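Worksheet: the structure to be examined is printed underneath.
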Amino acid sequence: MSTTSGMNRGPAVQARDVVVEYERTRDKTTLVALEDFSLDVAEGEFVAIVGPSGCGKSTFLNAVAGLIFPVAGEVLVRGKTVTGPGRDRAVVFQDYALMPWRTVEANVRFGLEMQRRVDKDTPAKVARYIEMVGLTGFEKAYPRELSGGMRQRVGLARALVTEPDLLLMDEPFAAVDAMTREIMQDELAKIVATTGQPIIFITHSVDEAITLGDRIAVITNRPGRIKEIVEVNLPRPRSRASRQLPEFQRLRDHVWDLLAEERPARAEAGLVPEVTVPLGTDRLDGRGADV
Amino acid sequence: MSDITGPGEHTTRIAPPPSAMHERRKPKRSVWSQRLRDRLPGLLSFAGFIFLWYAMIWIFDPDPILFPTPAAVWDAFIEALQDGTMVPAVTDSMYAMLVGLTLSLVIGIPLGLVIGMSPTADLLTSPYLWGFFAMPRIALAPIIILITGFGMQTKVILVFLSAVIPLMLSCKDGVHTADASLMAAARSFGANKLDLFGRIIVPGTLPFIASGIRNGISRGFVGLLVIELTVGSGGIGTEVMRSMRQFDTARMFAFAGVLIVFAMVLIGISRRLENYASRWREDVVV
Chain P
2 MSTTSGMNRG PAVQARDVVV EYERTRDKTT LVALEDFSLD VAEGEFVAIV
52 GPSGCGKSTF LNAVAGLIFP VAGEVLVRGK TVTGPGRDRA VVFQDYALMP
102 WRTVEANVRF GLEMQRRVDK DTPAKVARYI EMVGLTGFEK AYPRELSGGM
152 RQRVGLARAL VTEPDLLLMD EPFAAVDAMT REIMQDELAK IVATTGQPII
202 FITHSVDEAI TLGDRIAVIT NRPGRIKEIV EVNLPRPRSR ASRQLPEFQR
252 LRDHVWDLLA EERPARAEAG LVPEVTVPLG TDRLDGRGAD V
Chain A
32 MSDITGPGEH TTRIAPPPSA MHERRKPKRS VWSQRLRDRL PGLLSFAGFI
82 FLWYAMIWIF DPDPILFPTP AAVWDAFIEA LQDGTMVPAV TDSMYAMLVG
132 LTLSLVIGIP LGLVIGMSPT ADLLTSPYLW GFFAMPRIAL APIIILITGF
182 GMQTKVILVF LSAVIPLMLS CKDGVHTADA SLMAAARSFG ANKLDLFGRI
232 IVPGTLPFIA SGIRNGISRG FVGLLVIELT VGSGGIGTEV MRSMRQFDTA
282 RMFAFAGVLI VFAMVLIGIS RRLENYASRW REDVVV
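In the order they appear, the protein sequences are chains P and A.
Each residue of the first sequence is one higher than the one before, counting from 2 in the numbering used here.
Each residue of the second sequence is one higher than the one before, counting from 32 in the numbering used here.
If you want it as structure tokens, here you go:
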């Protein structure tokens, strides 16, 4: 909980020349996921990260989350080097990562339990965030009874209820249908307008990045580096109508052009991801991480 | 037995919106007529079984000493109850099952989980576990008898040995299925290793533990019977053998019937347990 340290004028997140390597489990060779990766995220800023498949977007997010560690360079969150997960950060995962044996309520409470923050106010707090993501009435449902969109709402509530100072979202809407996706983008924009924390948002949808982001970081092919940072100066709130704006279309063309230059050399996008293990972690800590 | 939910029945059901939950049970039939309805197929099939039994006797006309009628078996059952052989036999078998199974749970589950958690322990123990699993535990009976004699101890040990191996293997496999993304999610909220074990691995392993218990029960039952039938150490199996030696086939059928009921009760319990442990699962392991 570093709301006070959030007062300092520096950026919320600084990544300095970060290098992350994985070991391929098959032949024990090294795979460089990120190389000299540098990016700053300001307080209250929404940074969307786009890049070709396997470029290391998720790797960067995991490094900020403290789930994996760079072999060189460093990631600082409000001036402090990341040494592991912390209460100041919360992650929303692409595959929701909900405990199937827990009800919606119990899943939302999970983060607070892990952070040893359950007290008499917890039930009310959990209910408030369930309401915020629009799941009131489904408190007792199991994840298997929910649609993909609803599951991700649970994932979002689980992250928000810990009141993080930094929200990390790893392609959160990639697995939901197009209509739900649009609704959820809208709601996310509204929610973060009230909660106010900076957000790093991984996506492979250019439109989603432009709709949500203050800035878009375009990543190069693996090993991933920042190719270009694109400012999005569109008025908020942005809606479907914003997509008709000439500026939106200009940004979309520009980002697509950047991505087109980074088309994977091999037809990697269609291949099954390689099984890799982040270097310097044991089995309990990082099995089958996605590069 | 027919009110036991089959695997998968509860998994295909979609939860109604909570507001609709109260109205779902109506219209209400009386509990008893509903029960009768649930049991009707079972009762009919039992009646059909008895009918076939009589039909066989009528068609083939076997020697009553070799093939008794259902009525004779029923009489033998009542007689065994009255002369005080039935109850001790059942409690004797039940006791051996209970003690052997409890031991296998207490030892097998933690050991299986630990082996699953440690790749080294897994490598070291796996060949022995699978070897043990493949070998009929009955083959161990002579040496166990040699060591512990013909009594209750021997039965308990064989039940334990039969049940503990499948249980350990299930627990170990369950740990291996722990979902990497759940582990990452838990870690992102600051879970320590104990949290990962208690909050992710163990709950995720529960359905595997439950199916391990089911396997353990059926294997333990075989182990129990082998000793009871061959050694004559008391229990239902021993009564079956004793009746056979006395050419009292009606009595033998009566005890064999009790044995079947005994096994069905055990299976019923373990299926309920498994369904309960798997209630949150989308896919079903049978």
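Here a beta-carbon is modelled for each residue, glycine too, at the ideal position from N, C-alpha and C.
Since this is a predicted model, take the numbers as computed values, not measurements.
Within-7 Å CB hit, Gln250 of chain P to chain A: Translated into positions along the first sequence, residue 250 of chain P becomes position 249. So no, Gln250 of chain P is outside the interface.
Separation of Lys29 of chain P from Arg117 of chain P, as counted between CA atoms: The count along the first sequence starts at 1 and reaches residue 117 of chain P at position 116. The count along the first sequence starts at 1 and reaches residue 29 of chain P at position 28. Distance between the alpha carbons of Arg117 of chain P and Lys29 of chain P is about 38 Å.
Any beta carbon from chain A within less than 7 Å of Leu136 of chain P's own beta carbon? For the purposes of this step, residue 136 of chain P is taken as residue 135 along the first sequence, with counting starting at 1. By this cut-off, Leu136 of chain P is not an interface position.
Under 8 Å by Cβ, that's how I've got Val92 of chain P and Val78 of chain P pegged, so tell me the actual separation to the nearest angstrom. Counted from its first residue, the first sequence places residue 92 of chain P at position 91. Counted from its first residue, the first sequence places residue 78 of chain P at position 77. With 8 Å as the limit, Val92 of chain P and Val78 of chain P do not qualify as a contact, their Cβ atoms being about 13 Å apart.
Tell me which residues share the same chain as Leu260 of chain P and place their Cβ nearer than 8 Å to its Cβ, disregarding the 5 neighbours each side in the sequence. Walking along the first sequence from the start, residue 260 of chain P turns up at place 259. These residues qualify, in order along the chain: Val51, Gly52, Pro53, Val207, Val219.
Of all the residues that make up the region 214-226 of chain A, which are near chain P by a beta-carbon distance shorter than 8 Å? Met214, Ala215, Ala216, Ala217, Arg218, Ser219, Phe220, Gly221, Ala222, Lys224, Asp226
Return the residue from the list A:Asn246, A:Gly180, A:Lys186, A:Ala172 that minimises the CA-CA distance to Ser201 of chain A. As a first step, residue 201 of chain A must be located in the second sequence, where it is residue number 170. That would be A:Asn246, whose Cα lies nearest to the Cα of Ser201 of chain A.
Could you tell me which of P:Val14, P:Arg154, P:Leu167, P:Ala190 sits nearest to Leu99 of chain P, measuring between CA atoms? Position 98 of the first sequence, counting from 1, holds the residue named residue 99 of chain P. Leu99 of chain P has its Cα closest to that of P:Arg154, out of P:Val14, P:Arg154, P:Leu167, P:Ala190.
With a threshold of 16 other CB atoms inside 10 Å of the CB of Glu259 of chain A, please say whether the residue is buried or exposed. As a first step, residue 259 of chain A must be located in the second sequence, where it is residue number 228. It is buried - the Cβ of Glu259 of chain A has at least 16 other Cβ atoms within 10 Å.
Touching by the beta-carbon criterion (3+ pairs, under 8 Å), the region 189-209 of chain A and the region 79-91 of chain P: no
Would you give the residue range spanned by the beta strand (DSSP E) that Glu232 of chain P belongs to? Mapped onto the first sequence, residue 232 of chain P falls at position 231. Element bounds for Glu232 of chain P: 227-232.
Indicate whether at least one CB of chain P lies closer than 7 Å to the CB of Trp161 of chain A. Working through the second sequence from its first residue, we reach residue 161 of chain A at position 130. It does not; no Cβ of chain P falls within 7 Å.
How is Phe164 of chain A classed by DSSP in three states: helix, strand or coil? Counting from one through the second sequence, the residue named residue 164 of chain A turns up at place 133. Looking at Phe164 of chain A - three-state DSSP - the assignment turns out to be helix.
What three-state label does DSSP hand Asp286 of chain P in the structure shown? Your numbering for residue 286 of chain P matches position 285 in the first sequence. With a pLDDT of 41 at Asp286 of chain P, under the threshold of 50, the modelled position of this residue cannot be trusted, and the question is left open.
Report all residues from its chain with a CB closer than 7 Å to the CB of Tyr130 of chain P; omit the five preceding and five following residues, and keep chain order. By one-based count along the first sequence, residue 130 of chain P stands at place 129. Excluding positions up to five away in sequence, the list reads Val109, Ala158, Leu161, Val162.
Gly79 of chain A, buried or exposed, once every other Cβ within 10 Å from all chains shown has been counted against 16: Translated into the one-based positions of the second sequence, residue 79 of chain A becomes position 48. Exposed, since its Cβ has fewer than 16 Cβ neighbours within 10 Å.
Identity of the residues DSSP links to Met185 of chain P by a beta bridge: Position 184 of the first sequence, counting from 1, holds the residue named residue 185 of chain P. In DSSP, Met185 of chain P forms no bridge with anything.
For Ala308 of chain A, the first and last residue of its enclosing alpha helix (DSSP H): For this step, residue 308 of chain A is matched to residue 277 along the second sequence. Its alpha helix (DSSP H) spans residues 280-308.
Can you tell me which of the three DSSP states Thr31 of chain P falls into? As a position in the first sequence, residue 31 of chain P is number 30, starting the count at 1. Strand.
Relative to the C-alpha of Val19 of chain P, which residue among P:Arg226, P:Ala179, P:Glu114 is closest? Taking the first residue of the first sequence as position 1, residue 19 of chain P is located at position 18. Closest by alpha carbon: P:Arg226.
Can you look up Arg223 of chain P in the DSSP assignment and give me helix, strand or coil? Here residue 223 of chain P refers to the residue found at position 222 when the first sequence is read from its first residue. Residue state, collapsed to three classes: coil.
Boundaries of the beta strand (DSSP E) in which Ala73 of chain P is found, first to last residue: Indexing the first sequence from 1 puts residue 73 of chain P at position 72. From DSSP, the beta strand (DSSP E) with Ala73 of chain P extends over 73-78.
Where Asp96 of chain P meets chain A, residues with beta-carbon distance less than 8 Å: Numbered from its first residue, the first sequence carries residue 96 of chain P at position 95. Simply Ser212.
Measure the C-alpha to C-alpha separation of Glu46 of chain P and Gly214 of chain P and round it to an integer number of angstroms. In the first sequence, the residue the question calls residue 46 of chain P occupies position 45. In the first sequence, the residue the question calls residue 214 of chain P occupies position 213. If I take the Cα positions, the gap works out to 8 Å.
Using three-state DSSP, classify Glu330 of chain P as helix, strand or coil. A query on residue 330 of chain P cannot be resolved here, the shown segment of chain P reaching from 2 to 292 and no further.
Which of the residues in the region 119-146 of chain A, read from start to end, lie with their CB under 9 Å from any CB of chain P? none
Thinking C-alpha only, which one of P:Gly74, P:Met151, P:Gly80 is nearest Thr104 of chain P? Taking the first sequence and counting its residues from 1, one reaches residue 104 of chain P at position 103. Of P:Gly74, P:Met151, P:Gly80, the residue nearest in Cα terms is P:Met151.
Sorted by chain position, which residues of the same chain lie with C-beta nearer than 8 Å to Phe111 of chain P's C-beta, five sequence neighbours on each side aside? Residue 111 of chain P sits at position 110 when you count from the first residue of the first sequence. Met100, Arg103, Arg159.
Ala64 of chain P versus chain A: which residues are under 9 Å apart at the beta carbon? Here residue 64 of chain P refers to the residue found at position 63 of the first sequence. Residues of chain A passing the Cβ test: none, with the nearest at roughly 12 Å.
Buried or exposed, going by whether 16 or more other CB atoms sit within 10 Å of the CB of Pro238 of chain P? Residue mapping note: residue 238 of chain P aligns to position 237 of the first sequence, counting from 1. It is exposed - the Cβ of Pro238 of chain P has fewer than 16 other Cβ atoms within 10 Å.
How long is the line joining the alpha carbons of Ile184 of chain P and Thr212 of chain P, rounded to whole angstroms? Locating residue 184 of chain P in the first sequence gives position 183, where the first residue counts as 1. Locating residue 212 of chain P in the first sequence gives position 211, where the first residue counts as 1. If you take the alpha carbons of Ile184 of chain P and Thr212 of chain P, they lie about 12 Å apart.
Exposure of Trp311 of chain A, with buried meaning 16 or more beta-carbon neighbours within 10 Å: The sequence position of residue 311 of chain A within the second sequence is 280, counting from 1. Flag for Trp311 of chain A reads buried.
Apart from the five residues just before and just after Val33 of chain P, which ones in its own chain have a Cβ nearer than 6 Å to its Cβ? As a first step, residue 33 of chain P must be located in the first sequence, where it is residue number 32. These residues qualify, in order along the chain: Glu22, Pro224.
As assigned by DSSP and simplified to three states, the class of Phe220 of chain A: Taking the first residue of the second sequence as position 1, residue 220 of chain A is located at position 189. Of the three classes helix, strand and coil, the one that applies to Phe220 of chain A here is coil, per DSSP.
Other residues of its chain near Trp63 of chain A: CB distance less than 8 Å, five sequence neighbours each side excluded: The count along the second sequence starts at 1 and reaches residue 63 of chain A at position 32. Excluding sequence neighbours, Trp63 of chain A sits near nothing in its chain.
For the structure I just gave you, are there three or more beta carbon pairs, one from the region 190-206 of chain P and one from the region 117-126 of chain P, closer than 8 Å? no
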